[in-house]
Amino acid sequence: MKSIYLIVCLALSSFVFGQNTVNKTIQGSTQQNFSIILKDQFILTGNKISENESSILFRDITLGEISIQKSSILKVSELKGELYVELILNDGKTILGKLASKTESTLRILTQNLGEITLSKSAIKSIKIIEENQIKNGQYLFPNPHPTRYFFGPSAIPLKKGEKYFQNAYLLSNSVQIGLSDQFSIGGGVVVPFLFYITPKFGKKVSENIHVGGGILLASSLISNLNLGVGVGYGSVTLGSNENNMTLNVGWGATKGDSYDAVTNTSRTSWSFANKPMFTFSGMTRISRRCMLVSENWFFAVNEYTYDDQMKANGMMQANGVKSNYNGVISGGVRIMLEKSSFDFGILSPMGASTSAMGIPYIDYVIKF
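Quick note, the sequence shown lines up with residues 63 to 431 if you use the numbering used here.
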């Protein structure tokens, strides 16, 4: 079983570090090509001349220099190649192709299957700008809908402002994460009937293929007579793109619980900090239009207590020593993707001397909204 996970991790490594790093040189806003989709579905293509809080002065390749109010703009995208579009028509049909030319009332699209077609703007329900590298064999290779997370653990890639997702695992675990800004999100969930948790997270892109971030996981029992809790603060770094990446999270945790003193015959609730850090090493890589390989691996220190034989004989179970050893959970699986949702299927395998190699099935469903 563990050899399978090793193969998955090696495959992830080769995909991530085999990706070509793209170095972008920005020569000034007037040298960049942009597309602007207006709320009435009209497309402008050309260069930004200047911009202020309320408007953009734009030089369109057809209309020339125009001033656009930001309140009328649906989306602004930087063009890195040919301009491809996905059109949803009023009758529900989808047209995918390269924008060959446009007028104030029509678009001329070059498609792979239908050839060149001209569409009236009034027949178009919505327009999506697609980058050239997202077209594979005439199909739209939609972006990975969930680059911010693996099975459960996070990457350093943040949600965008306004993005939200809901996750359900094993039917009993339900969580929500909301992007409050382009760098900060807040979330939480419940595992019925055991615990609830909150997960604030920060993430920032520092270069083309590097994100850094951090966050907190706070969990507490839902069962009133169990004084159990967990707190973890962590930092993270992600190498790679949204489609192929690896993440290292390193954190320090504490647990809350009741401890019993055999000498005084009393119990008390207290927090206990870990002696060693915990960390996760995770990765994902896209292998087809709708499928990714995913691996998420947790490593944490577990305290093992030792007892004096004489004290045991006298019925006193007070520990006289403790040592920490790393145990963990390793996992591997696949993600089946739609444009805004995904199913994860995996196998979880506990690590440690007292555990067997048998894996535990994992399944979840996540939808972006």
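Even glycine gets a Cβ: it sits at the ideal position worked out from N, Cα and C. Model, not experiment: these values are computed from the prediction.
- Just confirm the distance between the C-beta atoms of isoleucine 197 and tyrosine 146, as a whole number of angstroms; I'd bet it's less than 8 Å. 6 Å
- Message: I'd like to confirm something about threonine 156: is its beta-carbon nearer than 6 Å to some heavy atom of the ligand SAH, or not?
- Response: The ligand content of the structure shown is nil, which means the ligand SAH is not present either.
- Task: Enumerate in chain order the residues of its own chain whose CB-to-CB distance from leucine 169 is below 6 Å, with the five nearest sequence positions on each side excluded.
- Result: Leu181
- Task: For proline 216, count neighbouring Cβ atoms within 10 angstroms of its own Cβ and tell me buried if that reaches 16, exposed if not.
- Result: buried
- Among residues of its own chain, excluding the 5 on either side of lysine 267, which ones have a beta-carbon nearer than 7 Å to its beta-carbon? His273
- If we count the other Cβ atoms within 10 Å of its Cβ and call it buried at 16 or more, is methionine 354 buried or exposed? buried
- Message: I need the DSSP call for alanine 185, collapsed to helix, strand or coil.
- Response: helix
- Message: I need the straight-line Cα distance from isoleucine 99 to methionine 399, nearest angstrom please.
- Response: 27 Å
- Item | Close beta carbons around serine 91, own chain, < 7 Å, minus the five adjacent residues each side | Bear in mind that the predicted position of serine 91 carries a pLDDT of just 37, short of 50, making it unreliable; the figure below should be weighed with that in mind. Around serine 91: Lys110.
- Message: Below 8 Å on the Cβ atoms is my contact criterion, and I expect glycine 315 with valine 292 to pass it. Report the Cβ-Cβ distance as a whole number of Å.
- Response: 7 Å
- Task: Could you tell me the distance, in whole angstroms, from the CA atom of serine 184 to the CA atom of phenylalanine 96?
- Result: 23 Å
- Item | Span separating the alpha-carbon of lysine 338 from that of serine 188 | 53 Å
- Per DSSP, which one or two residues make a beta bridge with proline 423? Ile409
- Query: On the three-state DSSP scale, how would you describe lysine 338?
  - Reply: coil
- Measuring CA to CA, which of Met340, Thr309, Phe343, Leu290 is closest to glycine 319? Leu290
- Message: Going by beta-carbon coordinates alone, are serine 247 and lysine 263 separated by less than 7 Å?
- Response: yes
- Query: Helix or strand or just coil, what does DSSP make of phenylalanine 431?
  - Reply: coil
- By a C-beta neighbour count over all protein chains shown, 10 Å radius and 16 as the cutoff for buried, is tyrosine 440 buried or exposed? Nothing can be reported for residue 440, as the shown portion of the chain is limited to 63 through 431.
- DSSP three-state assignment for asparagine 40, whether helix, strand or coil: No information on residue 40 is available, as it lies outside the stretch 63 to 431 that the chain covers here.
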